[in-house]
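Input: a single structure, listed below in structure tokens.
Numbering (full-length UniProt numbering), first residue to last: 1 to 95.
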């Protein structure tokens, strides 16, 4: 419901669906964020596997440093088996 003041509508902001999270004031995850933004620049903002990996690493960093709530990656737009595939590929390449 919008309130009116003098005939114009008053905007009432709503909080984000997932809540708010603190900014990275100490730059604890800045190095990964910079790699991710560089990846997006190089690919003209197209989502690639490498950029997705960096995005996932950035979110993992934020969760580890308590800069955001721990959340299952399937709820953040990543495939549930992304981790498994990456681990299997690493182990195959080491053999």
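Think of the CB as a built atom: it goes at the ideal place given N, C-alpha and C, for glycine as much as any other residue.
{"Check": "Of the residues 26, 13, 40, 43, the one placed nearest residue 62, counting alpha carbons only", "Outcome": "26"}
{"Check": "Bounding residues of the alpha helix (DSSP H) (the contiguous stretch that carries residue 34)", "Outcome": "30-42"}
{"Check": "Residue 56 and residue 21 closer than 9 Å at C-beta", "Outcome": "no"}
{"Check": "Buried versus exposed call for residue 75 [16 or more other C-beta atoms within 10 Å across all chains shown]", "Outcome": "exposed"}
{"Check": "C-beta neighbour in chain B for residue 13, strict 9 Å", "Outcome": "No chain B is part of this structure, which consists of one protein chain only."}
{"Check": "Residue 29 beta carbon less than 9 Å from that of residue 40", "Outcome": "no"}
{"Check": "Of the residues 12, 65, 73, 14, the one placed nearest residue 23, counting alpha carbons only", "Outcome": "65"}
{"Check": "Helix, strand or coil at residue 89 [DSSP, three-state]", "Outcome": "Because the pLDDT at residue 89 is just 41, under 50, the model does not fix this residue reliably, and the value given afterwards should be weighed accordingly. Of the three classes helix, strand and coil, the one that applies to residue 89 here is helix, per DSSP."}
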